[in-house]
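Chemist:
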Amino acid sequence: MLIKAPRGTRDILPPDVGQWQFVEGKAAEMCRIFGYQEIRTPVFEHTELFLRGVGEVTDIVSKEMYTFQDRGERSLTLRPEGTAPVARSYLEHKLYGETQPVKVYYIGPMFRYDRPQAGRYRQFHQFGVEVFGADDPTVDADVMVLALKFFRGLGLSDVTLQVNSVGCSACRSAYRTLLQEQLREKVSGLCVDCTDRYEKNPLRILDCKNVRCHELTENVPMMTDHLCQECATHFTAVKQAMDKLGETYLVNPRLVRGLDYYTKTAFEITSSVLGAQSSLGGGGRYDHLLSTIGGPEIPGIGFAIGLERALLAMEAEKVSIPVANTLDAFVATAGDVGADEALAVTMMLRDAGIAADKDYLGRSLKAQLKFADKKEVRFLIILGDEELKLGMATVRDMKNGTQQSVSMTGLTAHLTALVKEAK
Ligand code: HAM
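Okay, so the sequence shown: first residue is 4 according to the numbering used here, each after it adds one.
(1) Should the stretch 325 to 341 be regarded as contacting the stretch 294 to 305, the criterion being three or more beta carbon pairs within less than 8 Å?
(2) Answer yes or no: do C174 and C231 have a C-beta to C-beta separation smaller than 7 Å?
(3) Residues bridged to Q232 by DSSP?
(4) Do the CB positions of A396 and L368 come within less than 7 Å of each other?
(5) Just checking G28 against the ligand HAM - is the residue's beta carbon closer than 6 Å to any of the ligand's heavy atoms?
(6) Could you please give the first and the last residue of the uninterrupted alpha helix (DSSP H) stretch that includes Y93?
(7) What three-state label does DSSP hand F37 in the structure shown?
(8) Taking 6 Å as the cut-off, is the CB of G111 close to at least one heavy atom of the ligand HAM?
(9) Identify which residue in L258, G278 and D263 has its Cα closest to the Cα of E271.
(10) Is G131 a contact residue of the ligand HAM, with contact defined as CB to any heavy atom under 6 Å?
(11) Do you know whose CA, among T70, Y108, I385 and R381, lies nearest D400's CA?
(12) Within its chain, find whatever has a CB closer than 7 Å to the CB of R82; leave out the 5 residues flanking it on each side and keep chain order.
(13) Name the DSSP beta bridge partners of S282, please?
(14) Assign I15 to one of two classes, buried (16 or more other C-beta atoms within 10 Å of its C-beta) or exposed (fewer than that).
(15) Does the separation of the CB atoms of Q280 and A335 fall below 7 Å?
(16) For D19 and I384, what's the separation of their Cα atoms in angstroms?
(17) Compute every distance between the C-beta of T86 and the non-hydrogen atoms of the ligand HAM, then say whether any falls below 6 Å.
(18) When the Cα of A244 is compared with those of Q120, D343, T141 and V166, which residue comes out closest?
(19) Checking 7 Å against the spacing of the C-beta atoms, do P256 and N167 come in under that value?
(20) Taking the alpha carbon of T349 as the reference point, which residue from V340, G356 and D360 has its own alpha carbon closest?
Written out as structure tokens, the structure is:
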């Protein structure tokens, strides 16, 4: 029986890789312009990091982690997200000792054991950024605008930014009690998940997608009306900075997000073209995450964007993605010219930076031309017996059909000029 890729995982095949490289390239370019540097952390971490960092009562930790014991009996977990690992790395390498803030970005696979569906996978890829060591509200605006500009750079127009403030440990615990009081009579009407959330994480009830839960919470007080002075001032300043940049956003007081580490600003970017999995990305401030995982109190903020979803949105919005490079040249042989002769010429072209290939299957000249055509190769180099004896080769432009005889010694220079002109 043929072995297939595990459920919820996907191969990215050569014809699709160009799209990925385009999106990843945009992310890297945008980050460079915004002053971020790349960071790469392992794909697995000690399970403890996510228990403490993301929070034990979150869906991600309680239901969705790929946790396993290694041969040394350690409990390890495939990273379900990038923030806790990057925060761990920042602390482990004492990056707080360097000039602050530290601004990093990452692109890589994440793993969550969830029910796969369109836009939801068990291995998916995120582009994320994290800023450590700055609590200024303009950082919040800067980070959100980076995400927006990234989507614009991809050519997406159906993108909505929703923003909220989830408060800090001081104002949130008072609000949490208030919310529980208000919902006490209504618990029995909530969905199964929200009944569970009532004790553990009542704020999450507010952004439950269940219609009944939404109705039952229609008139409850919202966090934004119960922020402490500091959180309220911070939120106002974030909105002011966004207004000054002329960026539009929607204040959604129900936005809570599924990770426990958020404080103050929380945001999500959605697209209506994505269907049920409408969240393109999300993030927020996490001023206590570093102390929760054993470090000093250092503020942080960041976001992560689901790259599969970004690509799905591009497809739905019919954004054309520039196709990745094809071969510049194909070296074909005619008559009795040996394959080793073709290999030597191909290598000579490659050494000059020309993307070139040859036939490896002993095809006839006609079949070689057909192959080159199928591969959309622009220039064909034909090596014929008679010509070779004279130290010449034929160069054919597959686009306009013109061809000319070129000396072997001048072939590389000739092709380099043609390729340059064609680009
Ligand atoms: P998150 O909201 O859990 O946040 O994930 C961010 C994005 O990853 C989602 O908006 C979605 O586009 C994508 N995503 C999540 N789960 C899946 C899945 N199963 N399949 C496909 N795409 C998925 C975080 O991960 C936080 N670490 C974001 C952050 C960074 N907050 C602060 N810094």
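Just so it is clear, CB atoms sit at the ideal spot from N, CA and C, and this is done for glycine as well.
Since we're looking at a predicted model, the values are computed, not measured.
Modeler: According to the structure shown:
(1) no
(2) yes
(3) For Q232, which the question treats as bridged, DSSP gives no partner whatsoever.
(4) no
(5) no
(6) T86 to E95
(7) coil
(8) no
(9) L258
(10) yes
(11) R381
(12) V46, F47, E48, P88, M113 and F114
(13) T273
(14) exposed
(15) no
(16) 28 Å
(17) yes
(18) T141
(19) yes
(20) D360
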